[in-house]
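Residue numbers (our numbering), protein chains in the order written: chain A, 1 to 294; chain B, 1001 to 1258; chain C, 2001 to 2315.
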Amino acid sequence: MEQIIQQLINGVSLGSIYALIALGYTMVYGILSLINFAHGEIYMIGAFVGYALTTFLGLGFIPSLLISMLVCSILGMIIEKIAYKPMRNSTRIAILITAISVSLFLQYTMVYFVGPETRTFPQVLESQRLNLFNGNVILDTKNIYIFLITVILMITLQFVVKKTKVGKAMRAVSLDKDAAELMGINVNKIISYTFAMGSALAGAAGVLVGIYYNTINPLMGAGPGLKAFVAAVLGGIGLIPGAVFGGFFLGITETLVSAFGGSVYKDAVAFAILIVILLVKPTGLLGKNLKEKV
Amino acid sequence: MSVLKVSNLSRAFGGIKAVTDVSLNVEEGEIIGLIGPNGAGKTTFFNLLTGIYTPTEGEIEYDLNSKVTSKDFKPHKMTGFGVARTFQNIRLFQNMTVLENVLIGFHNGMNYSVASSFFRLPSFYKEEEETHDKALKLLEKFNLIDKKDAFARNLAYGDQRRLEIARALAANPKLLLLDEPAAGMNPKETAELTELIKWIRKTFDLTIILIEHDMSLVMNICERLFVFDYGHLIASGLPDEIQKNERVIKAYLGEDAN
Amino acid sequence: MKGFNKKSIIAIAALIAAYIIGQVLISNGIIDSYIQLNMIIIGINIILAVSLNLITGFTGQFTLGHAAFMAIGAYVSAIFTAKLGQPFIVAIIAAGIAAAVAGIIIGIPTLRLKGDYLAIATLGFGEIVRILALNIDYIGGAIGFNDIPQYTNWTWLFVITVITVLLISNFIKSYHGRACISIRENEIAAEAMGINTTYYKVLAFAIGAFFAGIAGALYANYFYFIKPDSFGFMKSIDILVIVVFGGMGSITGSIVGAIVLSVISSFLQSIPDLRMVIYAVILFLIMVYKPTGLMGKSEFKIFKKGVKGNVSSKG
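Listed below in structure tokens is the structure:
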């Protein structure tokens, strides 16, 4: 029993990070139907920015987190302008390969400049271990911070999407770009904002991962990036609650599989669940089924 | 002899009934018109007839090549049962040539194996040549022979409509379903289409059911009409009778029409 | 025999000449082992690209797991040659069949999915195959499979590449192949014209997987050593890039694409630091400036032989 609780705690932390990254995938997919494979690299760069700010400038946790989010949102907008905008009318496969080329470019540019080795992320959050259940379950304060920050960011995002004018415009663009444009919405601007917001969340996830695992490297984006993408699809790609649900679902499943089945198979299990869910409900657990009209 | 028997057919999507309790018969060799306001359930009815949707209730029975009921329907089995169709929004194979589009229509008539296609066994040459000859003859009849190597997407609109009909006929159907064949055509093209449909029935000896909004075409060639409204079959009969039918007039013009 | 018209004879003569020239140059040492390595890579990439083109370019099924079939073929061939001591030809056929069976097993459920969803499911399948291979000790796990006999040479490579290209293009120019293309063009219309779309999607998938498996066998029995990470997601992407670069739905495009991209990647080996950065930029530029690929959907005229020409010239 204690072990399950312990794994749930770890799962929620991992799930928070997946959920934050998954949100960016889902927002971009919702608005452009594009699987933004470069998203995992934005998260990696977020981690490196956080690392640089804390190590070299000695900034604290909150300022590093905010600056890292800002840098990532700018990067996201630049990527969209340079790489995706010229491709907007291309085939799906061409756009996908473009996204992969951006991803490779960011990965290996980073490798070129900072080297491929793993670095240790400084301990900017004081970590206190709380012993529960007579010391059988350890709750690190880092887990609490990560969860809280994730929840705050998600509530903020939900507020922006549901209550603000920009959010309303985003939802309109995702339903019908042409109609939104005719209604006076600046579609290009809204797409930029979407990339900015998604990338900011990925940047936050990068810093949080640095704190949680203590290590970062230029190729760290590929694995969690793919996993977060799986999370987005599990919940229903294009849906914000779907990404959150999928993130936590995947995080918890993974930690439970590692604890009870063997960690070597945890990724295989994640992908197997993905395939099963796609077969049973292709639009994801929270998605609606759409059929082509004849 | 009745080739199509529909009994108490219903189809619901969620709570919405798109087709409700429709029963009708179609006799061999008839040209039937299916009319009704937009959203009346005509295309849903076609999709039920071609196995794209399965009935929620009721049954469809064909007696064309053999007796089959809607329990056995699958979209790809319909040509084998003797039923071919066209679509409201033209569905050609855009990046294939005119000839290749028609060749696809002959798919069910071809038998050589996958191995024969890999190794080009004699059966490959024999069947391909026979089918090409048949396809070219069909294109000749439809005045599309000059364009046989053009991509379907590059055809003029009227030609695309005709090619879609030619492709359906290549499947050698006994019942042809045309979903709004005159949509988007000007009066001259519609007049030509009217002649084409008459000619098709005579030449290919088949039964035709068509959905159409263009009343000049419907009244000109259809021997019997079925009128749909809100998923119900509200009237059926000769074109003259339908024109005078009060329920039909109401359905088209609203309650206050008279 | 109608199969042997003038054009076919010229083509066959050209192929034999190409083979002999290659063989002579290799045995004289004019083609050194480095160039030979690249020729092997090009041949394997042609097989992979043409087989993926059948699935993605012609049948329109967007998959991201093609490297998994290559992996299955590579491991099966390695087991047959290194562990069971079977002759190469047996290993090659076993590799193809194993990959095709995997293709059928994964294809029947997943090919109901469309577009991006199919791509994601096949990506997941590819990752599962890789992770399983990492954890099976019999085939070396993460350390890799060592001491595979080196059977692949110019003759095997040339013959198998030519056979693959020939069989797949024959298939495409038959009514079975037309059925596959019609699914890409309009699945609903294809079905209405009597095409069993599930059957043809699975068939295309199985054929594509079969040849990818054979490519895997050639790969394993050339490099002595294979490891699961050589067949990951990025390998699938590499194959897809060749297909898109050459032109979706063009066999000649896949061949030219495989040659050009293999040569570029071989040149990039000399600048290891910036290799991937430049590769990424090249990919990006190709997608922006030539998104339909070098050949579009068309073929070189000399390759346009066979039924279509024969019949129309007669009629």
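Note that beta-carbon positions come from the ideal geometry of N, C-alpha and C, so glycine has one too.
In the DSSP assignment, B/T1069 forms a beta bridge with B/E1061.
Rounded to the nearest whole angstrom, the CA to CA distance from C/T2161 to C/I2041 is 11 Å. In this structure, DSSP gives C/I2188 a helical state, which the three-state scheme calls helix. When DSSP states are grouped into helix, strand and coil, B/F1228 belongs to the strand group. Between C/I2278 and C/L2261 a beta carbon distance of about 13 Å is seen, past the 8 Å cut, so the two are scored as non-contacting. CA-to-CA, the gap between A/L153 and A/K168 works out to about 18 Å. With a beta-carbon spacing of about 18 Å, C/V2202 and C/L2064 fall beyond the 8 Å limit used to define contacts.
Of the residues A/I5, A/N10 and A/L20, the one whose Cα lies closest to the Cα of A/G242 is A/L20. B/V1019 sits away from B/S1007, with the two beta carbons spaced by 9 Å or more.
Within the region 212-253 of chain A, complete alpha helix (DSSP H) segments of at least 4 residues are found at 222-235, given in chain order. In the DSSP assignment, A/L14 falls within the unbroken alpha helix (DSSP H) covering E2 to L32.
Not a single C-beta of chain B is nearer than 9 Å to the C-beta of C/L2054. If you draw a 10 Å sphere on the C-beta of C/D2116, you find 16 or more other C-beta atoms in it, and that means buried. In chain order, V2050 and L2054 place their CB closer than 6 Å to the CB of C/I2168, counting only its own chain and leaving out the 5 sequence neighbours on each side. Straight-line measurement puts the Cα of A/N134 at about 13 Å from the Cα of A/Q6.
One finds M1096, E1100, L1103, I1104 and H1107 in chain B with Cβ atoms closer than 8 Å to the Cβ of C/R2178, taken in chain order. Straight across, the Cα-Cα distance linking A/S13 with C/G2194 is about 52 Å. Within 7 Å of the CB of C/Y2117, the CB atoms of chain A belong to L278 and P282, in sequence order along the chain. Between C/A2189 and chain B, the shortest Cβ-Cβ separation is below 9 Å. None of the residues of the region 1016-1045 of chain B has a beta carbon lying less than 9 Å from any beta carbon of chain C. As computed with DSSP, C/V2241 is found in no beta bridge at all.
Note on C/Q2269: under 16 other CB atoms within 10 angstroms of its CB, so exposed under the neighbour-count rule. Linking B/G1109 to B/S1070 through their CA atoms gives a straight-line distance of about 23 Å. DSSP places A/V124 in the coil class of the three-state scheme, outside both helix and strand. In this structure, C/W2154 sits near C/M2039, with a CB-CB distance shorter than 9 Å.
Annotation: the continuous alpha helix (DSSP H) that includes A/S73 extends over F61 to I79.
Counting C-beta pairs with one atom in each stretch, the region 30-47 of chain A and the region 63-72 of chain A have three or more that are closer than 8 Å, which means they touch. A Cβ of chain C is located within less than 9 Å of the beta carbon of A/R92. Against chain B, the beta carbon of C/M2248 has no neighbour under 7 Å; the closest one sits roughly 10 Å away.
Under a 10 Å Cβ-count criterion, A/G60 is classified as exposed, with fewer than 16 other Cβ atoms of the shown protein chains found around its own Cβ.
For C/Y2034, the number of other beta carbons within 10 angstroms of its own is below 16, and it is reported as exposed. Taken atom to atom, the span from the alpha-carbon of C/I2286 to that of C/T2292 is near 9 Å.
Taking a 10 Å sphere around the C-beta of A/E2, we find fewer than 16 other C-beta atoms and assign the residue as exposed. In the DSSP assignment, C/A2217 falls within the unbroken alpha helix (DSSP H) covering T2197 to F2223. Judged by their CB atoms, A/M170 and A/M77 are not nearer to each other than the 9 Å cut-off. No Cβ-Cβ contact shorter than 9 Å links B/L1024 with B/R1085.
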